[in-house]
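In this note's numbering, each residue's number is its place in the sequence shown (first place is 1) plus 40.
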Amino acid sequence: MSAVLQQIDTAPVDTGAQTHRALRFLTAGSVDDGKSTLIGRLLFDSRAILADQLDALERRAAGSAIDLSLLTDGLEAEREQGITIDVAYRYFATRQRKFIIADAPGHEQYTRNMVTAAAGSDAAVVLVDITKLDWRQQPVKLLPQTRRHALLAQLLRVPSIVFAVNKLDAIDAEARAAFDAVRASLEAFAAQAGIEVAGIVPVSALRGDNVTAASPVWTWYAGPTLLELLHALPAADERHDGALSVPVQYVAKIGDGANPKRIFWGRIAHGRVRVGDTVQVFPSGQQAQVAELRRAGEPVDVVEAGQSAGLVLDRELDISRGDWFSTPGTLGSTQRFTATLAWLDTEAAQIGRKYWVRHGHRWVQARITAIDSRRDIHTLEDHEAHELGVNEIGRVQIETQAPLPVEAYLENRVGGALIVVDPASNRTSGALLVSQA
Numbered sequence: 041m042s043a044v045l046q047q048i049d050t051a052p053v054d055t056g057a058q059t060h061r062a063l064r065f066l067t068a069g070s071v072d073d074g075k076s077t078l079i080g081r082l083l084f085d086s087r088a089i090l091a092d093q094l095d096a097l098e099r100r101a102a103g104s105a106i107d108l109s110l111l112t113d114g115l116e117a118e119r120e121q122g123i124t125i126d127v128a129y130r131y132f133a134t135r136q137r138k139f140i141i142a143d144a145p146g147h148e149q150y151t152r153n154m155v156t157a158a159a160g161s162d163a164a165v166v167l168v169d170i171t172k173l174d175w176r177q178q179p180v181k182l183l184p185q186t187r188r189h190a191l192l193a194q195l196l197r198v199p200s201i202v203f204a205v206n207k208l209d210a211i212d213a214e215a216r217a218a219f220d221a222v223r224a225s226l227e228a229f230a231a232q233a234g235i236e237v238a239g240i241v242p243v244s245a246l247r248g249d250n251v252t253a254a255s256p257v258w259t260w261y262a263g264p265t266l267l268e269l270l271h272a273l274p275a276a277d278e279r280h281d282g283a284l285s286v287p288v289q290y291v292a293k294i295g296d297g298a299n300p301k302r303i304f305w306g307r308i309a310h311g312r313v314r315v316g317d318t319v320q321v322f323p324s325g326q327q328a329q330v331a332e333l334r335r336a337g338e339p340v341d342v343v344e345a346g347q348s349a350g351l352v353l354d355r356e357l358d359i360s361r362g363d364w365f366s367t368p369g370t371l372g373s374t375q376r377f378t379a380t381l382a383w384l385d386t387e388a389a390q391i392g393r394k395y396w397v398r399h400g401h402r403w404v405q406a407r408i409t410a411i412d413s414r415r416d417i418h419t420l421e422d423h424e425a426h427e428l429g430v431n432e433i434g435r436v437q438i439e440t441q442a443p444l445p446v447e448a449y450l451e452n453r454v455g456g457a458l459i460v461v462d463p464a465s466n467r468t469s470g471a472l473l474v475s476q477a
């Protein structure tokens, strides 16, 4: 048996789709909804499993059906408990596209891991376990984690959100009626929350129906399979037009001799930079011209949003990690702003308490000056609140010890996002998404 099984090639080649960038997507939803099994099915059907992995699964199965969830549950504690704890990343490819999958945990206590996975994803596949719902009662009441994960994906500006109604094979005879009822509730929830749904697909991760191939049983469903839908989804791309914005991540030296040059590395948040452009440094406000540009170690003439680059300036300036480059006169700064706060810590978020926040690569102290409201994930209404508990979402006012070049998150996912860290425990306590600077 070869080291890596040959990738699936039964579908016709779509030359237009081949130009698509790799799609980064996460699976989300409540615990035991079948997220790990779904990813295992995608890997298995796409023949993206190492031969020794497959042999180990077959030995463990001992003649029974292979447990596909073990392909992603890599921690010993995950295999023992049958749950996902940490985010597991997997890669697979078809003839049409490459994919990077993040398997997010479903337990409420690991919601912070789901937020981490969603922050860099192009799409979210939210699983809905039909066996946990009373689909005969109208409207169908969705699970809290289904609603919470969909709302978090929307808040984190995940471009495409897909719902996969799973385990319909458990009620084959009534699968169509159950799917129609749940789809109606999902559409109503999405409309109320302002979520644009890319698709709702009936699937059986265990049996493989509508995952990579159309179900031979559910002939009533004429829509795309989950894989066909993923092939068509766009990859997220930061804004290429407008002003330049680059957070400095790393400073290094290049060149030999007594006068080596300093090169400033960072990922372009938005805009583009060319050799010869004038850039302004935050927070000093000083300006310089770009003398050289490097990408992947090679000299280039231009670098665009979403790409990592090294900038060499025409003169020496005091620049360090956490500073920003921008088009002169375009990057504002503030110490007070309004944001949506997704709170992830067991100790409640409190008004007036000091926290550390990280914006780009800069750490500053900050405090919550006011909590304007808390979002009820069941009714989607905003209520008055004086603190935010674990996994709650609210609108808050923030004041930082030093000015930061924050932007609205809807305009810039880099400049508009901050993480909150408890200074006593060093726990990641929350995620801030700037609403208004």
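Backbone N, C-alpha and C define an ideal beta-carbon position, used for all residues, glycine too.
Residue range of the beta strand (DSSP E) that includes A204: 200-206
DSSP-derived helix/strand/coil call for A275: coil
At least three beta-carbon pairs within less than 8 Å, the region 79-87 to the region 131-143: yes
8 Å CB neighbourhood of G392 in its chain, flanking five on each side removed: R407, I408, T409
Buried or exposed by the 16-neighbour rule on C-beta atoms within 10 Å, applied to A68: buried
Element boundaries [alpha helix (DSSP H), containing H189]: 184-195
Three-state secondary structure (DSSP) of L83: helix
Residues bridged to K138 (per DSSP): A133
Under the three-state DSSP convention, the category I211 falls into: helix
Backbone CA spacing between I140 and N299 [nearest angstrom]: 42 Å
Where I459 sits in the DSSP three-state scheme: strand
Three or more C-beta pairs below 8 Å linking the region 270-287 and the region 244-254: no
Length of the line joining the Cα atoms of A267 and A457: Looking at the sequence provided, one finds Leu at residue 267 rather than Ala. Approximately 31 Å between the Cα atoms of the pair.
Residues near R335 in its chain [Cβ-Cβ closer than 8 Å; skip 5 each side]: V343, Q347, S348, A349, G350
Beta-ladder partner(s) of W258, from DSSP: W258 is not bridged to any residue.
Secondary structure of Q347, DSSP reduced to three states: coil
8 Å Cβ cutoff met for W175 and A233: no
Rounded C-alpha distance that separates L450 from D296: 44 Å
Three-state secondary structure assigned by DSSP to Q178: coil
Local Cβ density within 10 Å of P339, reported as buried at 16 or more and exposed below that: exposed
Exposed unless 16 or more other CB atoms sit within 10 angstroms - verdict on I463: Sequence check: residue 463 is Pro here, not Ile. Exposed, since its Cβ has fewer than 16 Cβ neighbours within 10 Å.
Cut-off 6 Å between Cβ atoms - residues of its own chain near I438, not counting five sequence neighbours on either side: F377, A379, A406
For D54, the three-state DSSP class (helix, strand or coil): Below a pLDDT of 50, predicted positions are generally treated as unreliable, and D54, at 41, falls in that range; the measurement from the model is reported next regardless. D54: coil per DSSP, three-state reduction.
C-alpha gap between D341 and V352, whole angstroms: 12 Å
K301 classed as buried or exposed, judged by whether at least 16 other C-beta atoms fall within 10 angstroms: exposed
Close beta carbons around N206, own chain, < 8 Å, minus the five adjacent residues each side: D73, G74, L78, L167, V168, D169, I170, V243, S244, A245
Expected contact under 8 Å - CB spacing of V436 and L384 to nearest Å: Not a contact, Cβ separation roughly 14 Å.
8 Å contact criterion, which S366 and Q320 should meet: CB distance rounded: 5 Å
Euclidean distance between Cα positions of Q375 and A163: 32 Å
Any beta strand (DSSP E) of 3 or more consecutive residues that is wholly inside the region 301-340: 301-307, 312-314, 318-322, 327-335
Spatial distance of A309 from E214 (CA atoms): 49 Å
Counted within 10 angstroms of its Cβ, other Cβ atoms place Y290 as buried (16 or more) or exposed: exposed
Same chain, Cβ closer than 7 Å to E447, neighbours up to 5 away in sequence not counted: G455, G456, V474, A477
Sub-8 Å separation of N250 and V241 beta-carbons: yes
As assigned by DSSP and simplified to three states, the class of D412: strand
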